[in-house]
Amino acid sequence: MILGRTLAVYFSGRFLKAILGLFLFAAVLIFLFDVLELVRRGGDREGFSVLRVSLISLLRVPLLLEQVIPFTVLFGAIAAFVTLSRALELVVARASGISVWQFSLPAIVVGIVLGVLSITLYNPAAVWFQQKSDEAASGLFGTEQSFLMQASNDVWVRQDGLDGESVLLAKQLLDGGTKLRGVTIFTFGKDGTFRERIEAGEARLGDEIWYLDNAIVYTTEQDPQTYGRYEVSTFLTATEVRESIGSPESISFWNLPRFIELARNAGLPAYRYNLQYQTLLARPLLLVAMILIAAAVSLKVSRFGGLGSMILGGILSGFVLYVLTELAKDFGGAGIVPPLVAAWAPGIFGVLMGLTILLHQEDG
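Under the numbering used here, read the sequence shown as residues 9 to 372, first letter to last.
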């Protein structure tokens, strides 16, 4: 028997409702915990208000939620399958000759649509909201805020300039690499000898020069000196700064190809950004894998009972895919594995795992 249009729309609506419900629940939890953390860190600072902190958190929640999209699909699909099974709707469908592949198809279609929308619409909007969050938080948390727009893992960057070489560290990167916050620079003379250490709250990239605001200059010959404006020469471009310091998550899906091309034209490795682009492209496949795993786990419950084993199986399956995804990202970001392989391997593995379990349960 072929699954009818009305039944397909009905099943699709049930899956979509369950997934979106869990997604909104996760959004509320993340928002509440994030607001509490920001209140704890900024409650005694000038310019603090609960309304401002709530706005900052609300704007950055969408980008944080991107990490949990696969899990909301997994547990939302499990919840939908279990609900349909308990209401005997799946039992009736199977008794009428509808196979597991047919009533799983609406869920798979929902997963693909959600995956496409998440990379084409949701991701650019989330990145834009994150940028607005950084602007709203400007001056409240200084360089201590742990936003995704931050520089990653305190990367020191060696740069050359008209005055000699220097080494730069920034805590936060904004405006496509043209603005840095929490800046520390060690400068050296043309003969390689140490000259000075500079600490500044903010640095702006001009034409082969860094303009440092409120800089404190330390040397071995005199006491620290404070300057409202200080300059350090550099040959770095905004693209090179972004590639060396920035986070790939701070670039929207539509801008990633252009940035990858700019990085390659500048002779820079673009592993992390190519990996991020391929990971976004592979998201629909990963969501399909989550739905197939949910179908396999839920079928076992509908036949034999055991809600606890279902929940445990779903958690373990999601954890396995999460670990595999993170390992693949680490290998792909380091250039050990091609970004294409690192991004698509978890989704392919998840689909094969779900199909294998379904085939074993359905056909023995």
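Quick reminder that beta carbons are idealized off the backbone N, C-alpha and C, glycines included.
- For the set T228, F83, S107 and G84, the Cα lying nearest the Cα of G12 is the one of S107.
- Around the beta-carbon of R22, 16 or more other beta-carbon atoms lie within 10 Å, marking it buried.
- Contact between the segment 44-64 and the segment 127-134 is absent, with fewer than three C-beta pairs closer than 8 Å.
- The beta carbon of P346 lies closer than 8 Å to those of G340 in the same chain, with the five residues before and after it left out.
- By the criterion of at least three beta-carbon pairs nearer than 8 Å, the segment 322-335 is not in contact with the segment 261-273.
- In the assembly as shown, Q233 is an exposed residue. Its beta-carbon has fewer than 16 other beta-carbons within 10 Å.
- A residue is called buried once 16 or more other Cβ atoms fall within 10 Å of its Cβ, and I27 is buried on that count.
- Put simply, the segment 59-67 does not touch the segment 95-111. Fewer than three CB pairs are less than 8 Å apart.
- Every beta strand (DSSP E) of 3 residues or more that sits fully in the segment 199-284 is shown, in chain order, as 202-213, 217-226 and 233-241.
- Straight-line measurement puts the Cα of R205 at about 53 Å from the Cα of V359.
- A303 and L366 have their C-alpha atoms some 8 Å from each other.
- For F56, the secondary structure class from DSSP, reduced to helix, strand or coil, is coil.
- Here Q230 is exposed, its C-beta having fewer than 16 other C-beta atoms within 10 Å.
- Residue pairing for T195: DSSP places it in a beta bridge opposite S174 and E204.
- Cα atoms of D42 and I344: separation of roughly 35 Å, rounded to the nearest angstrom.
- Pairing V69 with E257, the inter-Cα distance amounts to about 13 Å.
- Spanning the alpha carbons of G197 and S174 requires a straight line of approximately 9 Å.
- Closest in alpha carbon position to K179, among D171, T192, T186 and V76, is T192.
- According to DSSP, residue pairing for V165 in a beta bridge involves L176.
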